[in-house]
Structure formats: C-alpha cells, structure tokens
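Trainee: Please find one structure pasted underneath; my questions will follow.
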Amino acid sequence: MTGHADEFHPSTAVVALGRPDPEPDGALNPPIVLSSTFRGSGAPEPGERVYARYANPTWEPLESAIAALEGTEVPGLAFASGMAAVSAALSLTPIGGVAVVPSASYNGTIGLARELAAEGALELREVDPLDVDATARALDGADLIWLESPTNPMLDVVDLPALTALARERGATVVVDNTFSTPLRQRPLGAGADVVVHSATKFIAGHSDVLLGLAVTRDQDLRARLAKRRTLQGGIPGPFEAWLALRGLRTMALRLDRAEETTGELARRLAEHPAISRVRYPGLPSDPGHDRARAQLDGFGAVVSVELGGGAEAADAFVGALRLFTPATSLGGVESLVERRRRHSAEPVEVPESLVRLSIGIEHVEDLWADLERALAAVSEIRPGTGHAVE
Ligand SMILES: *Cc1c(COP(=O)(O)O)cnc(C)c1O
Numbered sequence: 010m011t012g013h014a015d016e017f018h019p020s021t022a023v024v025a026l027g028r029p030d031p032e033p034d035g036a037l038n039p040p041i042v043l044s045s046t047f048r049g050s051g052a053p054e055p056g057e058r059v060y061a062r063y064a065n066p067t068w069e070p071l072e073s074a075i076a077a078l079e080g081t082e083v084p085g086l087a088f089a090s091g092m093a094a095v096s097a098a099l100s101l102t103p104i105g106g107v108a109v110v111p112s113a114s115y116n117g118t119i120g121l122a123r124e125l126a127a128e129g130a131l132e133l134r135e136v137d138p139l140d141v142d143a144t145a146r147a148l149d150g151a152d153l154i155w156l157e158s159p160t161n162p163m164l165d166v167v168d169l170p171a172l173t174a175l176a177r178e179r180g181a182t183v184v185v186d187n188t189f190s191t192p193l194r195q196r197p198l199g200a201g202a203d204v205v206v207h208s209a210t211k212f213i214a215g216h217s218d219v220l221l222g223l224a225v226t227r228d229q230d231l232r233a234r235l236a237k238r239r240t241l242q243g244g245i246p247g248p249f250e251a252w253l254a255l256r257g258l259r260t261m262a263l264r265l266d267r268a269e270e271t272t273g274e275l276a277r278r279l280a281e282h283p284a285i286s287r288v289r290y291p292g293l294p295s296d297p298g299h300d301r302a303r304a305q306l307d308g309f310g311a312v313v314s315v316e317l318g319g320g321a322e323a324a325d326a327f328v329g330a331l332r333l334f335t336p337a338t339s340l341g342g343v344e345s346l347v348e349r350r351r352r353h354s355a356e357p358v359e360v361p362e363s364l365v366r367l368s369i370g371i372e373h374v375e376d377l378w379a380d381l382e383r384a385l386a387a388v389s390e391i392r393p394g395t396g397h398a399v400e
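And the structure:
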C-alpha cells in the first residue's frame, strides 16, 4: 500500500508505506528496476519517466513514504547523498540572493554555502540561530534560511517555530535539515518549513551501508525546481541504494526507540563522570535546550556529545581506548560510532576541540557503558595541554 501515514502510528507507517499495490501472487516488496531508459513513442506525456536520470520506479516507494512521514502527499525526492539534497535545496537561493546559514551547521552545508559565497553565487549571512534577535535581523532581505535542529555535533536545539515564523513574515524560504530527529521525532513542514532535507545515510537507512539524501516539500512548484536540479545536475541515487534505504526505513522506529533509550541512560551516566566536563544531550534536564526540545521533539535522539576535561589529547586517547564503539565518522547506524569532530579541518571552529560525538547504536546498554567507563578510566588522569597522565 502507498497510503497515508496519518492513518497509522508512525511506527506502523514505516512498515506499511511504499508497498506495491496488492495483487494475487504479488511481491511484498517493490522491485529493483535496473533500466537506464523506458519505452516511449511520440512526445513524452507529463509524468512519463522517459530516462532513468529523470525518474526511476525504485525511488518512488521511498519518495512517497518519506513524504507521508513528513506529513505531505507531495512525493519527496531521493538524491545520491545527503549533500546532493543539501546542494539542491541551497540552490533555491537565486543567484546573488541572500542565504542565512548558521556558522555551526553540518560542515558540508556551511562549507558549500561558503564556497558559493566566495564565488559570488550568493550572499552568505552566517548566524548563531540560538540568538533569535540577531537571526531575525539577518533575515531582512534574505531569500532563504537554513536551519538544523538538533545541530550536528553540538546538539543545540534551535527555536524552529519562532525562526520559521520570522522567515515566513519576510518571505524567505525555510529549509530544515531533519537528519538528527527523523520524521519520527520532528516534522518541520507542520511548523511552516518549506523544504525538509535528510541525510538518509544516517537513521533512515540505518545500517552504515548506503549514502542517500531526501528532500520533501508540500509545494509542487518547489518540488519541480528541486527535481529539475536533480535531473540536470545528475545527483540521482542508484536503484539499489534507494531500495536499501527503504529496507532500512522499515525498522527505523524500532532502532530509534532502542538507541534513544540507551542514549538517555548513557548521557545520565556520562554527566556524572569526573573525566567529562560537559555532556550535550537535549534529553538531560540540565541541558540548555531541554525545554525547547520537550516542546518541539517527540524524542531526544540517539546522538550525544561529550567534552573531556583533559582537552583534545584526552579526547583522542578516549576514542582510541574504546573497543565496542568504532572510531568513525557518520551516525545513525545500528552500530555505535565515536569521533572527535575537530580532527576534521573542515569542522566549524565553534565546535570545542575536546568534543567527542557518540552515535549510539542498538547494542546492549551495559556493554556500551562498560566500554565507555573503561576508556574513561584510562584517560581520566590526562590534563589539558600536557598530553600526559599526571603522575
Ligand atoms: C551526514 C549529514 C549530512 C550529509 O549527508 P551525506 O549523506 O553524508 O551526504 C547533512 N546533514 C547532516 C545533519 C548530516 O549529519
């Protein structure tokens, strides 16, 4: 069935959406269509697929499913990666137009915005979205605002309803990167956003085995513009990747429920640990974003960031001492990953040097805690700047 997510609880919708229409002996799952072109004769009718860079039947169940989950019947668009979707959405800023983008956005997003600004393609106004007044000022005359919440990797919770309303009053297009929350925890279109983008590489596909991006909008005209970008720039997903992402989506509710519960527990324990100077997780009552998160989100997610009292050296040693957590970039998979984000030169300078991002998977909470506790014990004597244990 292709039906509407609103008929069902979202944890049912992820299982039921994007199925082939029932027919006797029919397959339960959509087929993978490996064809670069489609039969046609005469002038193509509107909606005809024509060629597999324009449309592929394997994308369609995923595109209808993500749209229903985000609360619209306008089909979403699948892209080759999250960044291909980000790129298409950012290009909704007209040439020479003004884009408002948080400095501490996902590093690919802010990197692309800076690149476009340096080339003169757009005027970039960098903001701290936690400062609503300053962001409101930056919105004067703006064409587009980019928002991400909770942010990667700082886990800041942005006041999406307030900023969306301010942007709409000024006629700016609002794009929200919903990668961290997924539509199971946050539905920005309902709060007035024009476009939602996802790195489906993360929680949606969920198994660290595929790169894929998604964009969703309620507006047919915006969808047509994004689709044109995808077709002409060629950032299309392969059929197998689209199929894998839909396969991953089937278990997203289960995976997220489990990982989120574990993350809450680990965040509470980490906050008590003497080697940790700060835990960033909106689910902690002490977190500055907690009240906003409670108002805006249906769950606090499965990423937690910690800062180590011993600085970058302690953070690197901590990552190196973990055994069950895999040191790797990315997040949202079934396996727990860990990374000191500033090891990347492209990471925004707003991110503290000692910040370690933990993406919590679906392993048993006590195994994960035992690994964290042991690795923290190994580094708890390291003091900032020395790189050595204090004797
Ligand atoms: C990973 C990520 C992206 C980029 O997605 P890719 O699939 O790696 O291209 C964009 N936004 C956020 C928040 C991400 O975490």
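Residue numbers (the working numbering): 10 to 400. Cβ atoms here follow ideal geometry from the backbone N, Cα and C, with glycine treated the same way.
1) Short of 7 Å in beta carbon distance, which residues of its chain neighbour V288, apart from the five on each side in sequence? Order them along the chain.
2) Would you mind giving the Cβ-Cβ distance between P103 and D152, rounded to the nearest angstrom? I have them listed as a contact below 8 Å.
3) Count the other C-beta atoms from every protein chain shown that fall within 10 angstroms of the C-beta of V205, then say buried if there are 16 or more, exposed otherwise.
4) Can you check which of these residues, E178, L172 and G85, is closest to G222 by C-alpha distance?
5) Following a CB-centred definition, is T272 positioned closer than 8 Å to any heavy atom of ligand 1?
6) In the DSSP assignment, what are the bridge partners of P111?
7) Specify the secondary structure class of V388 as computed by DSSP and reduced to three states.
8) Run through the DSSP bridge pairs and tell me what Y60 is partnered with.
9) At which residues does the beta strand (DSSP E) containing S368 begin and terminate?
10) Taking just the CA atoms, how far does V23 sit from R259?
11) Locate the alpha helix (DSSP H) running through A326, then write down its first and last residues.
12) Is the number of C-beta pairs between the segment 320-334 and the segment 384-392 that are closer than 8 Å three or more?
13) Classify T271 as buried or exposed, calling it buried when 16 or more other Cβ atoms lie within 10 Å of its own Cβ.
14) Under the criterion of a Cβ to heavy atom distance below 8 Å, does D186 qualify as lining ligand 1?
15) Could you tell me how far apart the beta carbons of L26 and S73 are, in whole angstroms, since I believe they sit closer than 8 Å?
16) Comparing C-alpha positions only, which one of P70, A130, I371 and A89 sits nearest to L99?
17) Looking at R350: is its Cβ nearer than 9 Å to the Cβ of R366?
18) How many Å lie between R239 and G310 at the Cα?
19) Is the segment 32-51 close to the segment 233-250, with three or more CB pairs under 8 Å?
20) Can you tell me whether T210 sits near ligand 1, meaning its C-beta is under 8 Å from at least one heavy atom of the ligand?
21) For R349, which residues does DSSP report across the bridge?
22) Report, in whole angstroms, the separation of the C-beta atoms of D186 and Y115, which I expect to be a contact under 8 Å.
Mentor: According to the data block:
1) A276, L279, A280, V313 and V315
2) 6 Å
3) buried
4) G85
5) no
6) P111 pairs with V136.
7) helix
8) Residue pairing by DSSP places Y60 opposite T46 in a beta bridge.
9) L364 to S368
10) Going from the Cα of R259 to the Cα of V23 covers about 5 Å.
11) G320 to A330
12) yes
13) buried
14) yes
15) About 7 Å separates the two Cβ atoms, so the contact holds.
16) A130
17) yes
18) 30 Å
19) yes
20) yes
21) V365
22) 7 Å
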